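Peer 1: There's a structure below that I have some questions on.
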Amino acid sequence: MSAFVGLDGFVDEILHVVDKRENAERYLRLATIGGFAARLGGAAGRSTNVELVSQFTKLGGNGPIMANALASFGLKVTYLGILGYPNLHPVFAEFAKRAEVHSIAEPGYTDALEFEDGKIMLGKHQSLKQMNWENIKGRFGFQKFCAAFGGADLVGFVNWTMLTAMSDIWRSVLNEVCPLMKGPRRKLFVDLADPEKRTAEDIAGALELVIAFQKYFDVTLGLNEKEAYEIGANLGLNTADTSQEGLLALCTAIHSKLHIDTLVIHPTSYALATGPDSTALVEGPFTPKPKITTGAGDHFNSGFCLGKLLGLPTDLCLLTGVTTSGFYVRTAQSPAIRDLVQMLHDWPR
């Protein structure tokens, strides 16, 4: 199976926030976002010093993380993004060994502050504006794009929020590329990626374009819990009930509004989806002390898409998704198929 994924790229530095430093080598980590917020709030009108300790630097961006995970499963992956130009940034070297990688601009940079209950992503996005349709055609090539886009079993478009030209790219692809496609109907996965900072009009326009792709693909829109409430509100739906049952009802309501193949939502401890066969909810292998959380959602997306490519029903696509992310947050590694199988065997349910 093959996948064509894009279009972002980041260098992620994973950081811990120091609560108390015991000596030059040892410190106590500030464990929660609430604790960090209190520390910052207490500095209002006074100033403060915050010490960050680097854990490691890794490839980042929704696209590279998802594509790298798909390649770990054994898919033939082509990636188009912003990973360094004219030369790849060294952090993407291993990824380039697993996949066919093309880059048309410099990456963004993220300081990822990790806590036990979530993460805060501090991004530097100056280079992202170079990911646009003109640069895709000029630096990658229109015919090469058509071949990669039109020949993959799975197409993944992710990080709409940060790529401000993504809607224009989608519109151009729908007008110039999709009418040229031949062959069987294939899968398209879309992740908007935390659209809170985009206007309601921008979000509504993006959703219209996602719906338009359903003419040519079986479209899956992936959301985390926060994004689900934002999209629900944008569509004028009731988002007051934050229970599992309420989120499941919201998932069904969003799906009925969008008229796409599948709508999937992945909170931290479970996941749910409405697909062409059914609506399902699957509990995940949640761990209260993850080794890493940055990229967990992208790993869920890769596992869910693997299930879709294998033709699994919606509930088992959710199972491959939560197991993939569960393996990743425990190990900070993307699972191979044998790792996924082993965790499915070992995970007590």
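Heads up, the sequence shown is in the numbering used here, so the first residue is 116 and it goes up one at a time.
Quick reminder that beta carbons are idealized off the backbone N, C-alpha and C, glycines included.
Quantities reported herein were computed from a predicted structural model and do not represent experimental measurements.
1) Could you tell me the distance, in whole angstroms, from the CA atom of Gly196 to the CA atom of Leu455?
2) Under 8 Å: do the region 237-249 and the region 213-224 share three or more Cβ pairs, one atom per stretch?
3) For Asp226, which of Gly175, Arg254, Arg213, Phe188 has the nearest alpha-carbon?
4) Write down every uninterrupted run of the alpha helix (DSSP H) in the region 415-446 whose length is 4 residues or greater and which is fully enclosed by it, in chain order.
5) Alpha carbons only, please: which of Gly410, Ala355, Trp275, His460 is nearest the one belonging to Thr314?
6) Can you tell which of Phe188, Lys312, Gly399 has the C-alpha that lies nearest to the C-alpha of Ala386?
7) So what does DSSP say about Lys212, is it helix, strand or coil?
8) Measure the alpha-carbon distance for Gly160 versus Glu229 and round it to whole angstroms.
9) Which same chain residues, not among the five before or five after Ala186, have their C-beta less than 6 Å away from its C-beta?
10) For Glu128, count neighbouring C-beta atoms within 10 Å of its own C-beta (all shown protein chains included) and say buried if the count is 16 or more, exposed if not.
11) Cutting at 6 Å between CB atoms, please list the residues of its own chain near Gly390, excluding the five before and the five after it.
12) How is the beta strand (DSSP E) around Ile129 delimited, first residue to last?
13) Which residues in the same chain as Ile180 place their Cβ atom closer than 6 Å to its Cβ, once the five residues preceding and following it in sequence are excluded?
14) DSSP three-state call for Lys244: helix, strand or coil?
Peer 2: Quick answer:
1) For this step, residue 196 is matched to residue 81 along the sequence shown. For this step, residue 455 is matched to residue 340 along the sequence shown. So the two alpha carbons sit approximately 27 Å from each other.
2) At 8 Å Cβ cutoff, the stretches touch.
3) Translated into positions along the sequence shown, residue 226 becomes position 111. Checked all of Gly175, Arg254, Arg213, Phe188; the closest Cα to Asp226 is Gly175.
4) Along the length of the region 415-446, whole alpha helix (DSSP H) runs at least 4 residues long occupy 429-446, reported in chain order.
5) Taking the sequence shown and counting its residues from 1, the one referred to as residue 314 is at position 199. The shortest Cα separation from Thr314 among Gly410, Ala355, Trp275, His460 belongs to Trp275.
6) Position 271 of the sequence shown, counted from the first residue, corresponds to residue 386. Comparing alpha-carbon positions, the option among Phe188, Lys312, Gly399 lying closest to Ala386 turns out to be Gly399.
7) Counted from its first residue, the sequence shown places residue 212 at position 97. It is helical.
8) One-based indexing of the sequence shown puts residue 160 at position 45. One-based indexing of the sequence shown puts residue 229 at position 114. Cα to Cα, Gly160 sits roughly 26 Å from Glu229.
9) Position 71 of the sequence shown, counted from the start, is the residue given in the question as residue 186. For Ala186, where only same-chain residues beyond five positions count, the Cβ hits under 6 Å are Val192, Arg213, Ala214.
10) Mapped onto the sequence shown, residue 128 falls at position 13. Buried, by the Cβ-count rule.
11) For the purposes of this step, residue 390 is taken as the residue at position 275 of the sequence shown. Result list for Gly390: Thr377, Thr429, in chain order.
12) Residue mapping note: residue 129 aligns to position 14 of the sequence shown, counting from 1. Annotation: the continuous beta strand (DSSP E) that includes Ile129 extends over 125-136.
13) Against the sequence shown, residue 180 aligns to sequence position 65. Answer for Ile180: Gly410, Asp413, listed in chain order.
14) Walking along the sequence shown from the start, residue 244 turns up at place 129. Assignment of Lys244 by DSSP, reduced to helix, strand and coil, places it in the helix class.
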